Structures are given as structure tokens and as C-alpha cells.
């Protein structure tokens, strides 16, 4: 699909991957409609998008409310005439031992991360079938392939998102909808405010698990997936490696994920009080409405690339000397 001139709807757009994706589509010349619970964050985002010379609309939306999501779609079509791309991205999580987390928090994660995507998919596909074309992008996570401890509901929800995508692709195939695509994106650990938002009942501060990648990398992958749709797109070499390992040696890989999560995803030095995070109300912190979380994802990616480049150059020198 041609991105320039298309109409793109993005949920969970106030920060992180959603915000980066909106800005990327705007830079590529697309009209963007952004949705989130945070009206003020949407206002600043639409202003940033318009600097690229495109139209932008912010619609405050709670994706757990099917009527609100339908209204998001209605306003988009009313204003711009169609929906070419819909990106389901809004998500929440908790970090907690399974038996400690309040059951209502578990249910809330599933309501946002699964039913929110269901509401978005129904609204988007209804319009896309009327048009005869469109791309639905569901942002899942590599933990949908390799679940981790302490985020049981999130892992369940992202596995469900993968299953939803496969089921929808099957139905579109049977309906002979050749010009409607469903793409599932599975990012690895991304440097966003997401980890500060999370509900937490572990007693330890949540930090991103390395290796860490930039949200701009995910945004580029989403735009590319819209231009050339694929079934699933894993973002980040570590995510791809984990996925392959899990299919070959699931028990070993799950053990590795468990140890790595415990050692690197939860601080060994900083305690944290029990908190429901942003499960029921959005953060009011200005820094939580930014693209990056402040953990240096772009810097770390650049450092890894430089290291790999140095290794490649060094290997080339050794080979040339050997050939001489």
C-alpha cells in the first residue's frame, strides 16, 4: 500500500511506539488520526504531526469502550472519507507474581490488550470491507511467542493478539478479500515510558530488560509492513533469536527467559511500592507522554551497530592479510 496520502488510525498514540509510529507516518505524508486516554498528549502529538505538512486529528478514546472505538472510526471517515490503515497499539501491563496480583487487574489487562484490539479490528475491518482495501496492524510482543514470569496477563494477551491475527487472515482468505491485510508486529524490549506506567506488585522497580531497541525502529517496521504486508514481523534481533530458540528448544528457552527477567527486568537495588500503575487512569507525568523512556535505546542500538561494524572491518582485514 502507498503510505503517502493514506489515512492512518493509531490507538495508544500518546507515548512510546504509538507516538513514534504517528510521527513516522506523518513524515511519510500520511494523514494521521491518533487515539489515547490522554487528551493533552494527543494535542501536542497532532501539532507535531502537522509540522510535516499533513492533516492530523486527535480523538480521546478508551479502547475498552466499544462505542468509543466505533466513534473513533466514525469521526475518521466523516473527516477524511476512509480508513486505509488501523494500528491497534494501546496496551497496559502489570509486574507481579501470579498469585499476588488482584484478579481485577488481571482482567483489566485482558480487557485493554485483547478486547481493545477486538473493538479496533471490528471498527477497522467494517470500513475496510466497504472500501475493499486496507491494512490492519496489531502490535503484539515477543512475549506472545516466549512468555515471561511476572507478566502473566500481558503474555496471555499478546499470544491472543497473535491468534486473533491468524484467525482474521483466515476469514479474509475465505471471504476472498485479497486487498485487506492483517499484520502482527512483535517487538522485543523497546525504550518507552511503558515500564514506568506498569502496575507493580513485586516490591522491585521495573526496568527494561536488555537488549533495548528504540521505538523509532518499531515505527519504521510498521510503516514498512503497511507498504509490503507480511503475516508477522519481529522487531529486534534478540526477539528473532528468542523466537527461533523457543521453537527448537522451548524448555531451555523458557528457563532462560525466566532467569533473565528476574535478573534484569526487576531492579536488584531499588524497591518499589505496590501500585496499579496506569491500568485504570493514565499517567499525568509529562515525561510519560514522550516517545522514549530515557533508557538509551537509540544509543544502545547505535553502539551495537558500531561494534558489529568494527567486527566486520576487523574480520575483513584479517581475511585480506591471510589471502596475501
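Residue numbers (UniProt numbering): 1 to 324. Positions of the beta carbon are idealized from the N, C-alpha and C atoms, including for glycine. Here the structure is a predicted model, which means the values were calculated and not measured.
Contact belief for residue i with residue j at Cβ below 8 angstroms, rounded distance in angstroms
i, j, result
"residue 135", "residue 186", "Contact flag wrong, Cβ pair sits at about 17 angstroms."
"residue 33", "residue 57", "5 angstroms"
"residue 170", "residue 114", "18 angstroms between Cβ atoms; not a contact."
"residue 275", "residue 200", "5 angstroms"
"residue 342", "residue 96", "No answer is possible for residue 342: it lies beyond the span of the chain, which begins at 1 and ends at 324."
"residue 103", "residue 92", "At roughly 15 angstroms, the Cβ-Cβ gap does not stay under 8 angstroms, so residue 103 and residue 92 are not in contact."
"residue 105", "residue 279", "6 angstroms"
"residue 192", "residue 215", "5 angstroms"
"residue 41", "residue 15", "7 angstroms"
"residue 207", "residue 265", "7 angstroms"
For residue i, the three-state DSSP class (helix, strand or coil)
i, result
"residue 92", "coil"
"residue 278", "coil"
"residue 43", "helix"
"residue 6", "coil"
"residue 237", "helix"
"residue 244", "helix"
"residue 190", "strand"
"residue 286", "helix"
"residue 27", "helix"
"residue 155", "helix"
"residue 121", "helix"
"residue 18", "helix"
"residue 35", "strand"
Element boundaries [beta strand (DSSP E), containing residue i]
i, result
"residue 266", "266-271"
"residue 181", "180-187"
"residue 134", "134-139"
"residue 205", "204-206"
"residue 56", "56-60"
Beta-carbon proximity check, residue i vs residue j, cutoff 7 angstroms
i, j, result
"residue 31", "residue 47", "no"
"residue 189", "residue 165", "no"
"residue 223", "residue 24", "yes"
"residue 327", "residue 45", "Any answer about residue 327 is impossible in this case: the structure gives the chain only from 1 up to 324."
"residue 145", "residue 243", "yes"
"residue 267", "residue 204", "yes"
"residue 120", "residue 182", "no"
"residue 140", "residue 122", "no"
"residue 131", "residue 82", "yes"
"residue 63", "residue 11", "yes"
"residue 295", "residue 172", "no"
Buried versus exposed call for residue i [16 or more other C-beta atoms within 10 Å across all chains shown]
i, result
"residue 196", "buried"
"residue 84", "buried"
"residue 303", "In this predicted model, residue 303 has a pLDDT of only 48, less than 50, meaning its place in the structure is not dependable; the value taken from the coordinates is given anyway. Exposed, since its Cβ has fewer than 16 Cβ neighbours within 10 Å."
"residue 285", "exposed"
"residue 175", "exposed"
"residue 138", "buried"
"residue 255", "exposed"
"residue 246", "buried"
"residue 89", "buried"
"residue 227", "exposed"
"residue 28", "buried"
"residue 293", "buried"
"residue 6", "buried"
"residue 39", "exposed"
"residue 98", "exposed"
Residue interval of the alpha helix (DSSP H) (run including residue i)
i, result
"residue 215", "215-227"
"residue 251", "250-260"
"residue 293", "Unbroken run through residue 293: none, as it is neither H nor E."
"residue 77", "66-80"
"residue 145", "Segment: none, residue 145 is in no alpha helix (DSSP H) and carries neither H nor E."
"residue 110", "103-110"
Any non-hydrogen atom of the ligand ADP within 6 angstroms of residue i CB
i, result
"residue 33", "As for the ligand ADP, it is missing from this structure, which has no ligand bound."
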